[in-house]
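Numbering of the sequence shown is given in our numbering, commencing with residue 54 and proceeding in unit increments. Report on the structure given below.
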Amino acid sequence: MKRDLLIAKILLTIGVLEFFGPLLKDTGTSHLMNAEWVGHAKLHLAWLLGYMFFSGLANLYFIWIRRPFKLSHLYLSCLWQATNIAGFWAAILFVPVYEGAIVDHRYHTEILGIDENIFGFLALSLVLAGAFFWTKFKVEPHFNRSAPTA
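Structure below.
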């Protein structure tokens, strides 16, 4: 039981990288400090990055710190991460509508021939799915029998 719970928490923690990764990639000249961007667009990006940073911290709090521990904390983290990932995929889907671009070859790289953003969010989507199903089928059945305090 404790091992299964630990695996679920580790998978969710890996997923939390989706909140912190953009802080590393998008604060440089490709985005936030890009002289070609208008100031108001930069404001919205800074706002989004702040939201993502604090969302990441909140997720870590619910996964590892919040007491007393409840299984719903893990499901809350799953839902929170899913909404962020869904926002990314919606942005990709609607690129033609707002005349955006998935890739700026001046700044983005490829991993295995796939744009780094697509690759990263695909990997994070799979990790989140794994975390959800692990929690649902490995942790929850034991949790209902004996509520852990870990």
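Built from N, CA and C at the ideal position, the CB exists for glycine as well.
- At a Cβ-Cβ threshold of 8 angstroms, Leu102 and Asp79 count as neighbours.
- Here Ile164 has Phe172 as same chain residues with Cβ atoms under 6 angstroms from its own Cβ, once five neighbours each way along the sequence are excluded.
- The C-beta distance from Ile67 to Val180 rounds to 5 angstroms, short enough to meet the 8 angstroms contact threshold.
- When the Cα atoms are used, Leu59 and Gly153 turn out to be separated by approximately 40 angstroms.
- Counting only the Cα atoms, Leu175 lies some 24 angstroms from Leu85.
- For Ile164, the secondary structure class from DSSP, reduced to helix, strand or coil, is strand.
- Cβ contact annotation for Ala184 (same chain, cutoff 7 angstroms, sequence separation greater than five): Ala61, Leu64, Leu65, Gly68 and Cys131, in chain order.
- Only residues of its own chain outside the window of five on either side were considered, and among them none has a CB closer than 8 angstroms to the CB of Ala143.
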